[in-house]
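Peer 1:
2 protein chains.
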Amino acid sequence: MSGMVAMTLAEADALARTVLESRGLAPDHAAAVARTMVAGERDGCASHGLYRLLVAANSIERGVVVPDAVPVVSEPAAALVRVDGKGGFAQLPFERGLPLLIEKARKFGIAALALNNVVHFAALWPEVEALTDAGLVGLAFTPSHSWVAPEGGTKPVFGTNPIAFGWPRPGGHPFVFDFATSAVARGEIELHRRAGKTIPPEWGYDAEGHPSIDPKAVLDGAMRTFGGHKGSALAAMVELIAGPLIGDMTSAESMAADEGRMGSPIGGELVIAIDPAGFLGASVEDHLGRAEEMFGAITGQGARLPGSRRYVARAKSDADGVRIPAQLHQDILALLEGEMA
Amino acid sequence: MSGMVAMTLAEADALARTVLESRGLAPDHAAAVARTMVAGERDGCASHGLYRLLVAANSIERGVVVPDAVPVVSEPAAALVRVDGKGGFAQLPFERGLPLLIEKARKFGIAALALNNVVHFAALWPEVEALTDAGLVGLAFTPSHSWVAPEGGTKPVFGTNPIAFGWPRPGGHPFVFDFATSAVARGEIELHRRAGKTIPPEWGYDAEGHPSIDPKAVLDGAMRTFGGHKGSALAAMVELIAGPLIGDMTSAESMAADEGRMGSPIGGELVIAIDPAGFLGASVEDHLGRAEEMFGAITGQGARLPGSRRYVARAKSDADGVRIPAQLHQDILALLEGEMA
Numbered sequence: 020m021s022g023m024v025a026m027t028l029a030e031a032d033a034l035a036r037t038v039l040e041s042r043g044l045a046p047d048h049a050a051a052v053a054r055t056m057v058a059g060e061r062d063g064c065a066s067h068g069l070y071r072l073l074v075a076a077n078s079i080e081r082g083v084v085v086p087d088a089v090p091v092v093s094e095p096a097a098a099l100v101r102v103d104g105k106g107g108f109a110q111l112p113f114e115r116g117l118p119l120l121i122e123k124a125r126k127f128g129i130a131a132l133a134l135n136n137v138v139h140f141a142a143l144w145p146e147v148e149a150l151t152d153a154g155l156v157g158l159a160f161t162p163s164h165s166w167v168a169p170e171g172g173t174k175p176v177f178g179t180n181p182i183a184f185g186w187p188r189p190g191g192h193p194f195v196f197d198f199a200t201s202a203v204a205r206g207e208i209e210l211h212r213r214a215g216k217t218i219p220p221e222w223g224y225d226a227e228g229h230p231s232i233d234p235k236a237v238l239d240g241a242m243r244t245f246g247g248h249k250g251s252a253l254a255a256m257v258e259l260i261a262g263p264l265i266g267d268m269t270s271a272e273s274m275a276a277d278e279g280r281m282g283s284p285i286g287g288e289l290v291i292a293i294d295p296a297g298f299l300g301a302s303v304e305d306h307l308g309r310a311e312e313m314f315g316a317i318t319g320q321g322a323r324l325p326g327s328r329r330y331v332a333r334a335k336s337d338a339d340g341v342r343i344p345a346q347l348h349q350d351i352l353a354l355l356e357g358e359m360a
Numbered sequence: 020m021s022g023m024v025a026m027t028l029a030e031a032d033a034l035a036r037t038v039l040e041s042r043g044l045a046p047d048h049a050a051a052v053a054r055t056m057v058a059g060e061r062d063g064c065a066s067h068g069l070y071r072l073l074v075a076a077n078s079i080e081r082g083v084v085v086p087d088a089v090p091v092v093s094e095p096a097a098a099l100v101r102v103d104g105k106g107g108f109a110q111l112p113f114e115r116g117l118p119l120l121i122e123k124a125r126k127f128g129i130a131a132l133a134l135n136n137v138v139h140f141a142a143l144w145p146e147v148e149a150l151t152d153a154g155l156v157g158l159a160f161t162p163s164h165s166w167v168a169p170e171g172g173t174k175p176v177f178g179t180n181p182i183a184f185g186w187p188r189p190g191g192h193p194f195v196f197d198f199a200t201s202a203v204a205r206g207e208i209e210l211h212r213r214a215g216k217t218i219p220p221e222w223g224y225d226a227e228g229h230p231s232i233d234p235k236a237v238l239d240g241a242m243r244t245f246g247g248h249k250g251s252a253l254a255a256m257v258e259l260i261a262g263p264l265i266g267d268m269t270s271a272e273s274m275a276a277d278e279g280r281m282g283s284p285i286g287g288e289l290v291i292a293i294d295p296a297g298f299l300g301a302s303v304e305d306h307l308g309r310a311e312e313m314f315g316a317i318t319g320q321g322a323r324l325p326g327s328r329r330y331v332a333r334a335k336s337d338a339d340g341v342r343i344p345a346q347l348h349q350d351i352l353a354l355l356e357g358e359m360a
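Those protein sequences? They're chains P and W, same order as listed. As numbered in our numbering, residues 20 to 360 make up the first sequence, in order. As numbered in our numbering, residues 20 to 360 make up the second sequence, in order.
#1: Just to confirm before moving on: does the CB-CB distance between W/Glu311 and W/Thr244 stay below 9 Å?
#2: Do the stretch 210–219 of chain W and the stretch 261–268 of chain W meet, that is, are 3 or more Cβ pairs less than 8 Å apart?
#3: Tell me, please, whether the CB atom of W/Met313 is closer than 9 Å to any CB atom in chain P?
#4: Near P/Val24, what residues of its chain come up, given a Cβ to Cβ distance below 7 Å and the 5 sequence neighbours on each side ignored?
#5: Quick one: measure Cβ to Cβ for P/Val100 and P/Lys123, integer angstroms, because I've assumed they're closer than 8 Å.
#6: Give the secondary structure of W/Asp337 by DSSP, where H, G and I count as helix, E and B as strand, and everything else as coil.
#7: So P/Thr151 packs on P/Pro193, CB below 8 Å; how close in whole Å?
#8: Here's a check: name, in chain order, each residue in its chain whose Cβ is nearer than 6 Å to the Cβ of P/Leu12, leaving out the five neighbours to either side.
#9: Can you tell me which of the three DSSP states W/Phe113 falls into?
#10: Under 9 Å, Cβ to Cβ, is there at least one residue of chain W near P/Thr173?
#11: Kindly give me the distance between the Cβ atoms of P/Glu288 and P/Val137, rounded to whole angstroms, as I take these residues to be in contact under 8 Å.
#12: Could you tell me whether the Cβ atoms of W/Pro325 and P/Ala183 are closer together than 9 Å?
#13: Do the stretch 68–83 of chain P and the stretch 274–293 of chain P touch if we need at least three Cβ pairs shorter than 8 Å?
#14: Please name the residues in the stretch 136–166 of chain P whose beta-carbon is closer than 9 Å to at least one beta-carbon of chain W, in chain order.
#15: In angstroms with no decimal places, state the Cα-to-Cα distance between W/Gly59 and W/Ala33.
#16: Taking the C-alpha atoms as reference points, what is the distance between W/Ser273 and P/Gly319?
#17: Looking at W/Ala214 and P/Ile293, is the spacing between their C-beta atoms short of 9 Å?
#18: Between the beta-carbon of P/Pro189 and the beta-carbon of P/Leu307, is there less than 9 Å?
#19: How many Å lie between W/Val176 and W/Gln110 at the Cα?
#20: For a quick check, are the C-beta atoms of P/Gly262 and P/Gly240 less than 9 Å apart?
#21: What's the C-alpha gap between W/Arg328 and W/Asp62?
#22: Using DSSP with H/G/I as helix, E/B as strand and the rest coil, what is P/Glu94?
#23: Cα separation between P/Asp350 and P/Glu356?
#24: For W/His67, count neighbouring Cβ atoms within 10 angstroms of its own Cβ and tell me buried if that reaches 16, exposed if not.
#25: Using a Cβ-Cβ distance under 9 Å, would W/Phe298 count as near chain P?
#26: Across which residues does DSSP place W/Gly185 in a beta bridge pair?
#27: In the structure shown, what three-state DSSP assignment does W/Gly286 receive?
#28: Under 7 Å Cβ to Cβ from W/Glu30, same chain only, skipping five residues before and after it: list those, please.
#29: Please go through the stretch 214–280 of chain P and give each complete alpha helix (DSSP H) segment of 4 or more residues, from N-terminal end onward.
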């Protein structure tokens, strides 16, 4: 079946919520997860869009996620917030912890939020954008499953370990990046496998530790980090600060806990928020203005700012809605029928 | 002249302090700067060792640095420390702010220190190691001079913009990395120029924006970031959080302020400290132990941890002292005689 199915953002949200609830996800979780998926679809990130309904349904089906988990918010230290997700998806715990994180960042100048015991399947930019929406600078980190070899080795230790950063821009979209510290997204290798294509030998190793152009061999072996030993160092940092530092799992531990169910990673996430007014007081506007000069020096020579493609897609989706492949639409509806049958 | 000159670490420290004071640097600054240079020499980082006495002398000679600046410590917010370096070298301001940063990290769980209005010529690992020595996790960032093009462009915007990270390891050396977000260190290109060697075309662009293998053309043009658009995004982050966020200069502004004196970069530095006990309470030891398992999974397959070469050099230097090229030793002594003449 070919063709595309068009829907408004409100329709996409209603569809996502209905499907998630029909699979047994509690309504507050379904609403939070749907918001993230619709944001991905809206921003042109199809791999983090409604397609993820299939991924989430799998995690629910296989018992990887607790569908009605009740997040518990606590304050382990004056400038720290913890939300124990109790095994549920990460979105609702983040929403529950966000107001306190913002309050603490404004009060102390800097603050951090740990999500613990959550199931992850989404990008991190929604988290840092929630902070830039509040006028704060944000950083977010999370391990995943151990799929990535350290530079100089060939056996998996790290997850794809994304790093996201957000900077509020007066009167415009924030400066936001969100990238895996692996050489490529794991989904990119999956896409090559499905399409029967080879991959560049720099992307990873087979199980024997040899560089391979076979996507399946690399999926079963180890991916590489981006940027050589520097990317590898950053991947290790993400493991540490969003794992043991917050009392949560490393990617290797998450992989072991999955017990072969191929579920989304389970573990923690660290979010750091800094209030520009903390160091700058009343002169925030002046200094944020100087940042604009740097952005101008980048775009003025034709270089692209991270996130800019997403904002173009967002404007279009806000006006025209989104379109998803008809086959995906059918697969999503089948989830609904499966439940109702 | 060939050959090497051997000295104990105490002798190296005394030499560095004497030279710096003879050039007019105030004794407290000279002591702090000497400590950093001797630590570099000790750890086998010759480019950040006693050689930097020549660099520091140049900055003093040309009026780039205020030799008797008195750092002023303040607390702009509960979890924030600021040290205004008043135009002096960065080392003493860091030492002055460190105790309060440590105190605040322990009290609030997370804290940040901004150094403002300081002259930079050193690596960042001494800063994060000062935090791991206190059992804290540390991050440090600083812009430099605008030498590096954003990915997708060919004109310089960013500095070499290093990122350093430190993680305390029970009973051993900390896990520390410290790397430039440029493709290579600027000094590496300088070394190729002096040796009359070409450089890989991936390192940078000439002034017309073409990839070049001529080191001088790239020094006069623009270096590239490491890791493509991801490294470029990180370089932008460093500009923002260690520039406008703390009310200090971007690399382009530092370059403009230098007015062609070829002095060390002037500007700010951001240091973030996180207390593992903040999130972990009494179970710090257990969770730091899990981090050790990750380190074991890296080294167990023959991959190297960042910083490990420095620790090998350190053990040797602690036992046997250091050796510097006789020509460098003469050039350093000439600084002393120059002053005394």
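For every residue, glycine included, the Cβ atom is placed at its ideal position computed from N, Cα and C.
Peer 2: On the basis of the supplied data:
#1: In the second sequence, residue 311 of chain W corresponds to position 292, counting from 1. In the second sequence, residue 244 of chain W corresponds to position 225, counting from 1. No, Cβ-Cβ distance for W/Glu311 and W/Thr244 is not below 9 Å.
#2: The way I'd put it, the stretch 210–219 of chain W doesn't touch the stretch 261–268 of chain W; fewer than three beta-carbon pairs between them come closer than 8 Å.
#3: Residue numbering aside, residue 313 of chain W sits at position 294 when the second sequence is read from its first letter. It does: the Cβ of W/Met313 has a partner Cβ on chain P nearer than 9 Å.
#4: Within the first sequence, numbered from 1, the residue matching residue 24 of chain P stands at position 5. Within the same chain, P/Val24 has close Cβ partners Arg342, Ile343, Ala345, His348.
#5: Start at 1 with the first residue of the first sequence, and residue 100 of chain P comes out as number 81. Start at 1 with the first residue of the first sequence, and residue 123 of chain P comes out as number 104. The beta-carbon distance between P/Val100 and P/Lys123, rounded to whole angstroms, is 6 Å. This is short enough to meet the 8 Å contact definition.
#6: On the second sequence, residue 337 of chain W is found 318 positions in, with the first residue counted as 1. Here W/Asp337 sits in helix by DSSP.
#7: Residue numbering aside, residue 151 of chain P sits at position 132 when the first sequence is read from its first letter. Residue numbering aside, residue 193 of chain P sits at position 174 when the first sequence is read from its first letter. Indeed they touch by this definition, with Cβ atoms about 4 Å apart.
#8: No statement about residue 12 of chain P is possible, as the shown extent of chain P runs from 20 to 360 and does not include it.
#9: Within the second sequence, numbered from 1, the residue matching residue 113 of chain W stands at position 94. When secondary structure is reduced to three states using DSSP, W/Phe113 falls in the helix class.
#10: As a first step, residue 173 of chain P must be located in the first sequence, where it is residue number 154. Under the 9 Å criterion on CB atoms, P/Thr173 is classed as interfacial with respect to chain W.
#11: In the first sequence, the residue the question calls residue 288 of chain P occupies position 269. In the first sequence, the residue the question calls residue 137 of chain P occupies position 118. Between P/Val137 and P/Glu288 the Cβ distance is about 7 Å, and since that is below 8 Å, they are a contact.
#12: Walking along the second sequence from the start, residue 325 of chain W turns up at place 306. Walking along the first sequence from the start, residue 183 of chain P turns up at place 164. Their beta carbons are not under 9 Å apart, which means W/Pro325 does not touch P/Ala183 by this criterion.
#13: Taking 8 Å as the limit for Cβ pairs, the verdict is that the stretch 274–293 of chain P does touch the stretch 68–83 of chain P.
#14: Considering only beta carbons, the part of the stretch 136–166 of chain P lying closer than 9 Å to chain W consists of Val156, Leu158, Ser165, in chain order.
#15: Within the second sequence, numbered from 1, the residue matching residue 59 of chain W stands at position 40. Within the second sequence, numbered from 1, the residue matching residue 33 of chain W stands at position 14. A straight line joining the alpha-carbon of W/Gly59 with that of W/Ala33 spans about 15 Å.
#16: For the purposes of this step, residue 273 of chain W is taken as the residue at position 254 of the second sequence. For the purposes of this step, residue 319 of chain P is taken as the residue at position 300 of the first sequence. Taking the straight line from one Cα to the other gives about 20 Å.
#17: Within the first sequence, residue 293 of chain P is the residue found at index 274, counting from 1. Within the second sequence, residue 214 of chain W is the residue found at index 195, counting from 1. The Cβ-Cβ distance between P/Ile293 and W/Ala214 does not fall below 9 Å.
#18: Mapped onto the first sequence, residue 189 of chain P falls at position 170. Mapped onto the first sequence, residue 307 of chain P falls at position 288. By the CB criterion at 9 Å, P/Pro189 and P/Leu307 fall inside the cutoff.
#19: Residue mapping note: residue 176 of chain W aligns to position 157 of the second sequence, counting from 1. Residue mapping note: residue 110 of chain W aligns to position 91 of the second sequence, counting from 1. W/Val176 and W/Gln110 have their C-alpha atoms roughly 26 Å apart.
#20: For the purposes of this step, residue 262 of chain P is taken as the residue at position 243 of the first sequence. For the purposes of this step, residue 240 of chain P is taken as the residue at position 221 of the first sequence. It is not a contact, given that the beta carbons lie outside the stated cut-off.
#21: Translated into positions along the second sequence, residue 328 of chain W becomes position 309. Translated into positions along the second sequence, residue 62 of chain W becomes position 43. Straight through space, the alpha carbons of W/Asp62 and W/Arg328 are spaced by roughly 8 Å.
#22: Translated into positions along the first sequence, residue 94 of chain P becomes position 75. In this structure, DSSP gives P/Glu94 an extended state, which the three-state scheme calls strand.
#23: For the purposes of this step, residue 350 of chain P is taken as the residue at position 331 of the first sequence. For the purposes of this step, residue 356 of chain P is taken as the residue at position 337 of the first sequence. So the two alpha carbons sit approximately 10 Å from each other.
#24: Indexing the second sequence from 1 puts residue 67 of chain W at position 48. If you draw a 10 Å sphere on the C-beta of W/His67, you find 16 or more other C-beta atoms in it, and that means buried.
#25: One-based indexing of the second sequence puts residue 298 of chain W at position 279. Output row for W/Phe298: interface = yes.
#26: One-based indexing of the second sequence puts residue 185 of chain W at position 166. W/Gly157, W/Val195.
#27: The residue labelled residue 286 of chain W in the question sits at position 267 within the second sequence. For W/Gly286, the three-state secondary structure derived from DSSP is strand.
#28: Within the second sequence, the letter at position 11 stands for residue 30 of chain W. Result list for W/Glu30: empty, nothing under 7 Å.
#29: For the stretch 214–280 of chain P, whole alpha helix (DSSP H) runs of length 4 or above, ordered along the chain, are 234–239, 247–260, 270–277.
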